[in-house]
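Colleague:
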Amino acid sequence: MNKANFGFVGLGVMGHMLALNMERNGFTVAGYDLDATKVQTFGTKYPGKNLIACATMEEFLAALDHPRRIMLMVPAGKPVDAAISSLREALAPGDLVIDGGNTFFQDTERRSKELEAKGIHYIGTGVSGGEYGALWGPAIMPGGPQEAWLLVKPIFEAISAKVDGEACVTHVGPRGAGHYVKMVHNGIEYGDMQLIAEAYDVLKRGLGLSNKHMHDIFSAWNQGVLKSYLIEISADIFNQDDPESGMAVLDLILDEAAQKGTGKWTSQNALDLGAPIPTINAAVESRILSALKEERVKASAILTGPLPAITASPEAVIGWIHDALYVAKICSYAQGFEMMQMASREYDYHLDLAELARIWRGGCIIRADFLNTIRKAFLINPALPNLLVDPEFAQVVNAGQDALRQVIILATTHGIPALAFSSALAYLDAYRSARLPANLTQAQRDYFGAHSYRRVDREGSFHTHWTEETPVK
374 MNKANFGFVG LGVMGHMLAL NMERNGFTVA GYDLDATKVQ TFGTKYPGKN LIACATMEEF
434 LAALDHPRRI MLMVPAGKPV DAAISSLREA LAPGDLVIDG GNTFFQDTER RSKELEAKGI
494 HYIGTGVSGG EYGALWGPAI MPGGPQEAWL LVKPIFEAIS AKVDGEACVT HVGPRGAGHY
554 VKMVHNGIEY GDMQLIAEAY DVLKRGLGLS NKHMHDIFSA WNQGVLKSYL IEISADIFNQ
614 DDPESGMAVL DLILDEAAQK GTGKWTSQNA LDLGAPIPTI NAAVESRILS ALKEERVKAS
674 AILTGPLPAI TASPEAVIGW IHDALYVAKI CSYAQGFEMM QMASREYDYH LDLAELARIW
734 RGGCIIRADF LNTIRKAFLI NPALPNLLVD PEFAQVVNAG QDALRQVIIL ATTHGIPALA
794 FSSALAYLDA YRSARLPANL TQAQRDYFGA HSYRRVDREG SFHTHWTEET PVK
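Going by this note's numbering, the first residue of the sequence shown is number 374, and it counts up by one from there.
1) Looking at residue 815 and residue 826, is the spacing between their C-beta atoms short of 9 Å?
2) Is it buried or exposed, residue 513, if we count other Cβ atoms within 10 angstroms and call 16 or more buried?
3) Assign residue 832 to one of three DSSP states: helix, strand, or coil.
4) Shortest alpha-carbon distance to residue 542 belongs to which of 573, 569, 510, 566?
5) Would you mind reading off the limits of the beta strand (DSSP E) that contains residue 498?
6) Assuming residue 515 is part of the beta strand (DSSP E), what are its boundary residues?
7) Can you check DSSP and say which residues form a bridge with residue 601?
8) What is the DSSP secondary structure of residue 379, reduced to helix, strand or coil?
9) Could you have a look at residue 450 and say whether DSSP puts it in helix, strand or coil?
10) In or out: residue 347 buried (at least 16 other Cβ within 10 Å) or exposed?
11) On the premise that residue 683 lies in contact with residue 788, defined as a C-beta separation below 8 Å, what is that separation, rounded to the nearest angstrom?
12) Going by CA-CA distance only, name the one from 634, 536, 666, 673 that's closest to residue 656.
13) Taking 8 Å as the cut-off, does the stretch 377-385 touch the stretch 396-414 (at least 3 CB pairs, one atom from each stretch)?
14) Could you give the first and the last residue of the continuous alpha helix (DSSP H) run that contains residue 670?
15) Give me the Cα-Cα distance between residue 464 and residue 739, rounded to the nearest whole angstrom.
16) Would you grab the beta carbon distance between residue 653 and residue 607 for me? Rounded to a whole angstrom, and I think it's under 8 Å.
17) Would you check if there are 3 or more beta carbon pairs closer than 8 Å linking the stretch 547-554 to the stretch 765-773?
18) Measuring CB to CB, does residue 703 end up less than 9 Å from residue 622?
19) Might you give, ordered along the chain, the residues of its own chain that have their beta carbon closer than 7 Å to the beta carbon of residue 778, omitting 5 neighbours on each side?
20) Residue 841: which of 378, 821, 831, 391 sits nearest, CA to CA?
21) On a CA-only basis, which of 587, 544, 594 is nearest residue 612? Give me that one, please.
22) Taking just the CA atoms, how far does residue 409 sit from residue 571?
23) Please report the straight-line C-alpha distance between residue 394 and residue 415, rounded to a whole angstrom.
24) Based on the DSSP secondary-structure assignment, which residues constitute the bridge partners of residue 404?
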């Protein structure tokens, strides 16, 4: 029997689809899962394919060519540690273990050090694109040692999405860099999705547009600067009817947004870094608010607000929402990319932001045409502190911010929540302000806690005796 070039531990949807993708691209793939049914399906469903189904871990390890390349597609957390534990003693120096799940990057940092001590290579890789992407070409974000990347480079380049002939995969950086970048990718994804949801809410509640009308609007938007996977699938969603009831599927879905944790991790880590990402945070908070369904229903009978019906010209409002969505999207991506810059310095990841924009153009959930513009901005200036000060983006934001203000005014006036839109504008206004009211905040801190402050007219730290009374601490 021929040895397998690559092996998967975990044959759920993602592991199964990635294995089929690899086999289609000319590799022999071994698969193992604790669930015997999944192993059996893997071995019998695709006759004639170069797939090796392994009933035991021993059989799986014996099926792999050396150095062994093993990808774990199991849930993040303890299952990853358990899978590594079951492999560790049987692996030899030079073998490679890859964690392809949505793992917290600090866990990857820890596992990298533990396996490095045994001479075993370890890669933590983000994989984005869902079931379809896994089968036909995802965006892949591997982090780990350069020599480990070289062991898997031809395989990952073969199975990844392609844009303009370029594979949507790159060696992101050392240790946990790959999972870190995937985490921020998902945070940006949260922001994108929430902005689109708020645009839908203004169109639906504010203008009373039908789903069919919104399908036409989003389809048109997907031909211009907003062209992206999320706009495309939103147009499709608006056009989908339930065959049993005849109603729109969207109108039958309960308004509670779930989350798996990567968006929350992005917000938590941003606080640790001191990175301002208010639009991503607003998206996380919006999902948390949506989960309070029972409370919201009760509150709706108690708390009053304005009527949501907008009387302004629908054509004008639709145009404003289009421009507002683009400007807010730029602000959200600017936050995510600046956060990655800060993390690159903090964790010594040496992230190439132009390369990240390049590989996100295909396969992944946030793929969008304007990532080409982001890539160009960082190619021109790799040290660009923020996308908002790139000349091309600055021109767009300066021209489109009035539309963002109009949409927020309409939403506020008519009682339609717009956490993400509002946070994007507040971020823009704060970032473009040469002076913020933080001088008063710092004065208050010095008043009650003698924390001192810096002055605009001289160097050093200063403290004022604001009162003769002893301050309360």
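Backbone N, C-alpha and C define an ideal beta-carbon position, used for all residues, glycine too. In this text the structure is predicted, and so the values were computed from the model without any measurement.
Modeller: Per the coordinate set shown:
1) yes
2) buried
3) coil
4) 510
5) 494-501
6) 512-516
7) 741
8) strand
9) coil
10) This structure cannot settle anything about residue 347, because the visible part of the chain is limited to 374 through 846.
11) About 11 Å; that fails the 8 Å criterion.
12) 634
13) yes
14) 666-673
15) 36 Å
16) At roughly 19 Å, the Cβ-Cβ gap does not stay under 8 Å, so residue 653 and residue 607 are not in contact.
17) no
18) no
19) 798
20) 821
21) 587
22) 44 Å
23) 13 Å
24) 381, 426
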